[in-house]
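A short write-up of the structure that comes next.
There are 2 protein chains.
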Amino acid sequence: MLGALAATLSLGVACSRPPPGASRASDTPATPDSASAASDALPSWNQGPAKAAIISFVSRVTTPGGREFVPASERIAVFDNDGTLWAEQPMYFQLAFALDRVKALAAQHPDWTTREPFRSVLKGDLEGVKSGGEQALSQIIAASHAGNTTAEFEQIVTDWIAAARHPTTRRRYTDMVYQPMLEVLSYLRANGFKTYIVSGGGVEFMRPWVERVYGIPPEQVVGSRIRMKYEGRDGVPVLVRLPEVDLVNDKAGKPVGIQQMIGRRPVMAFGNSDGDFEMLEWTTAAPGPRLGFIVHHTDAEREWAYDRRSSIGRLARSLDEAEARGWQVVDIKRDWARIFP
Amino acid sequence: MLGALAATLSLGVACSRPPPGASRASDTPATPDSASAASDALPSWNQGPAKAAIISFVSRVTTPGGREFVPASERIAVFDNDGTLWAEQPMYFQLAFALDRVKALAAQHPDWTTREPFRSVLKGDLEGVKSGGEQALSQIIAASHAGNTTAEFEQIVTDWIAAARHPTTRRRYTDMVYQPMLEVLSYLRANGFKTYIVSGGGVEFMRPWVERVYGIPPEQVVGSRIRMKYEGRDGVPVLVRLPEVDLVNDKAGKPVGIQQMIGRRPVMAFGNSDGDFEMLEWTTAAPGPRLGFIVHHTDAEREWAYDRRSSIGRLARSLDEAEARGWQVVDIKRDWARIFP
Chain A
-2 MLGALAATLS LGVACSRPPP GASRASDTPA TPDSASAASD ALPSWNQGPA
48 KAAIISFVSR VTTPGGREFV PASERIAVFD NDGTLWAEQP MYFQLAFALD
98 RVKALAAQHP DWTTREPFRS VLKGDLEGVK SGGEQALSQI IAASHAGNTT
148 AEFEQIVTDW IAAARHPTTR RRYTDMVYQP MLEVLSYLRA NGFKTYIVSG
198 GGVEFMRPWV ERVYGIPPEQ VVGSRIRMKY EGRDGVPVLV RLPEVDLVND
248 KAGKPVGIQQ MIGRRPVMAF GNSDGDFEML EWTTAAPGPR LGFIVHHTDA
298 EREWAYDRRS SIGRLARSLD EAEARGWQVV DIKRDWARIF P
Chain B
-2 MLGALAATLS LGVACSRPPP GASRASDTPA TPDSASAASD ALPSWNQGPA
48 KAAIISFVSR VTTPGGREFV PASERIAVFD NDGTLWAEQP MYFQLAFALD
98 RVKALAAQHP DWTTREPFRS VLKGDLEGVK SGGEQALSQI IAASHAGNTT
148 AEFEQIVTDW IAAARHPTTR RRYTDMVYQP MLEVLSYLRA NGFKTYIVSG
198 GGVEFMRPWV ERVYGIPPEQ VVGSRIRMKY EGRDGVPVLV RLPEVDLVND
248 KAGKPVGIQQ MIGRRPVMAF GNSDGDFEML EWTTAAPGPR LGFIVHHTDA
298 EREWAYDRRS SIGRLARSLD EAEARGWQVV DIKRDWARIF P
């Protein structure tokens, strides 16, 4: 039943280039921005077409009386999460959570040591997990994401995100967010925009930490979700998380999630993969001023470089059609002076 | 497939008392508020326990350093719509919309003149529609709410709400909102609360007009919804509304809708029927300061009087358990100096 979600989380754990060492992105100097830092809301962006496009667009839609003025209430900006706001290599961070969760639960499930796909997870054999395909991942998601209450799951995620470390950089996952994008979020909010996450990742996996990390409140997170059931446990009402998919907020599911949760069409959209194609299309095909951005991972030194051949964050069609559709491509190597905070 | 939604919309069109005449609620003077109007954010509320409870609660949760202080980001207040923010007699207003919509579409469906339940609708025979039960209503909802795009449906609702008139008062439906509740909405927002609608009604039926009428933006409306599909029509991306239920946001569905859309537990909840029981329970059973309100329709002169015997807005269990659960009952006759704007 979780097959569709499993496909979203993807078992692809390879990427087109080897992961970087543990060097801090900020260790690598890049072309400094020529504008004065004090007056610059986007100091981690190098001067160039991407930065100019952001500033120009915001200026146009916020100029009262201007031809392209957009009232504050309609200034909705949507952001993909994996690969757009934080890194996604060598595997989606939520998959790392799922695998860790299986390990944490193993003591309660002695049969897992001999039962696939859990056996492979417990041995650290990702290839073995992968050979089980979508069904294997569905079982892992059900075991790691369902069966508890929303309050319990929130605590589990909160504890994990505070302690877990990225396999190659050894940094906390929440330290592997993109500093230039944090600046875009703040800059847009300072200009009256409401910023939303619109991610294929699980909504309840993001909500516990995104306000602290991105300044985005839980109610502004659109994500994939499983079904919930309201019931009483010992006289206390709870919402129980069921092993059934409710929404796969990826590809053509993103405009659906946006309409369900926001009910307005965004004016800006930021993505990085073909999973964001429909979100970018839905945003920018509407009348009035609209702008789409694609973050292109081009910097193998400071981060990762991957696009059309990557099983994670595959970027082909969105890149091919970007120019014709007027979408702005952010070339990380060229455009970002700094990667992580 | 729309059975569950149909049940929510309900075919009950009777109520326990005859509908009032067209007299304006404001024609009937009531005990004036003893506080000075200038300093009073709730001028349409008579002094009494309900008004005092609202003011006391807001004062406590907004006093910095106070024992019950709640940060602004967590000040979430949820409001049922039908019977809480606007009237719901002699039938849910959305049902009136559905019936009008069937009439508007009849010319394109010649067979409807002989095919139930459409035949009964076109003859104005509500009893005939009712005899078809849930299945009849499902067919009416599918015909009136699905098959178009989100943009088309928004326009249809916008046009209808601007023109349609209530069957007995002859007022516009959006003029049959409760003035005292409009004041509560404004008062809470002025005190840093985020106000949400959480209704069994259709989310896309409410979104086109709630910002203008209640000051609640589309993204703060939680409601029942049907499925949508993203597709291209002549190269233009659209979201098509399908005749399949996605969420019935009523009873135990309300906490689910709240969690899906808001992801935080509200601190205040306002309802009027047993369909709001679980929303009130979910809100007030949480730790910390919480307050639940039940609007009790007790005024047959200025509005309608109904509760446990009404097929619309049935109120029995919520009323019976209110005292034990600490829910505040708003007695319209006693507490509201004015009903409609």
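Heads up: the sequence lines are chains A and B, in that order. Mapping the first sequence onto the working numbering, position 65 (from 1) lands on 62, and the numbers just tick up by one. Mapping the second sequence onto the working numbering, position 224 (from 1) lands on 221, and the numbers just tick up by one. We put the CB at the ideal spot given by N, CA and C, even for glycine.
Euclidean distance between Cα positions of residue i and residue j
i      : j      : result
B/W83  : A/A266 : 36 Å
B/Y227 : B/V235 : 6 Å
A/A19  : B/G220 : Note that A/A19 scores a pLDDT of 39, beneath 50, so its modelled location is shaky; the value from the coordinates is reported in the next line. Straight-line Cα distance between these residues: approximately 47 Å.
B/L102 : B/K127 : 20 Å
B/D30  : B/V174 : At B/D30 the pLDDT is 43, less than 50, meaning the model places this residue with poor confidence and gives no usable figure here.
A/L119 : A/E71  : 48 Å
A/S307 : B/R186 : 47 Å
B/V210 : B/I153 : 17 Å
A/S41  : A/M178 : 9 Å
A/G339 : A/R116 : The first residue shown for chain A is -2 and the last is 338, placing residue 339 of chain A beyond what the model contains.
B/V58  : A/D317 : 53 Å
B/I329 : B/E180 : 15 Å
B/R224 : B/P240 : 7 Å
B/D247 : A/R305 : 45 Å
B/M276 : A/V233 : 13 Å
B/Q86  : A/Q256 : 30 Å
A/W202 : B/I158 : The amino acid at residue 202 of chain A is misidentified as Trp; the sequence shows Phe. Going from the Cα of A/F202 to the Cα of B/I158 covers about 39 Å.
A/G121 : B/G129 : 59 Å
B/I138 : A/S56  : 44 Å
B/G63  : A/G198 : 38 Å
Residues of its chain near residue i, where Cβ-Cβ distance is below 6 Å and the 5 sequence neighbours each way are ignored
i      : result
A/F90  : Y170
B/Q325 : A47, A50 and F290
B/P215 : R204
B/F54  : L288
A/R222 : V200, D243 and L244
A/M258 : V219
A/F190 : R72 and A74
B/A69  : G189
CB contact flag (residue i, residue j, <8 Å)
i      : j      : result
B/W301 : B/H294 : yes
A/F76  : A/T192 : yes
A/R238 : A/T110 : no
A/D271 : A/S196 : no
B/P315 : B/G285 : Per the sequence shown, the amino acid found at residue 315 of chain B is Ser instead of Pro. It is not a contact, given that the beta carbons lie outside the stated cut-off.
A/R331 : A/N43  : yes
B/A133 : B/E113 : yes
B/Q176 : B/R335 : yes
A/R322 : A/I73  : no
A/V264 : A/V99  : no
Extent of the continuous alpha helix (DSSP H) run through residue i
i      : result
B/E201 : V200 to Y211
A/I52  : P46 to T59
A/I153 : T147 to A160
B/I329 : I329 to D332
B/E131 : G130 to H142
A/V118 : F115 to K120
B/S315 : R314 to R322
A/D274 : The question names Asp, but residue 274 of chain A is Phe in the sequence shown. Per DSSP, A/F274 belongs to the alpha helix (DSSP H) from F274 to T281.
Boundaries of the beta strand (DSSP E) in which residue i is found, first to last residue
i      : result
B/P252 : Run containing B/P252: none in the beta strand (DSSP E); it sits in the alpha helix (DSSP H), G250 to M258.
A/V242 : V233 to L244
A/I291 : L288 to T295
B/M178 : B/M178 -> not in any beta strand (DSSP E); alpha helix (DSSP H) instead, spanning Q176 to A187.
A/F267 : M265 to G268
B/R98  : It is not in any beta strand (DSSP E) - B/R98 instead sits in the alpha helix (DSSP H) that spans F90 to L102.
B/V219 : V218 to R230
A/V75  : I73 to F76
Sequence-distant residues of the same chain with beta carbon closer than 8 Å to residue i, five excluded per side
i      : result
B/T155 : P205 and W206
A/E183 : Glu is not the amino acid found at residue 183 of chain A; the sequence shown has Ser there. Once the five neighbours on either side are set aside, the close Cβ partners of A/S183 are A38 and G212.
A/T351 : The displayed coordinates of chain A run from -2 to 338. Any statement about residue 351 of chain A would go beyond what the structure contains.
B/G229 : V235
7 Å CB neighbourhood of residue i in its chain, flanking five on each side removed
i      : result
B/V327 : A47, F290, I291, V292 and H293
B/H163 : Y170 and M173
A/T25  : Any reading at A/T25 must be qualified, since the residue scores a pLDDT of 41, below 50, and its modelled position is unreliable; the value itself is stated next. Cβ within range, chain order: E298 and R299.
Any contact between the region 89 to 103 of chain A and the region 134 to 143 of chain A? By contact I mean 3 or more CB pairs, one from each, below 8 Å. yes
Could you tell me whether the region 235 to 252 of chain B touches the region 268 to 281 of chain B, using the rule of 3 or more Cβ pairs below 8 Å? yes
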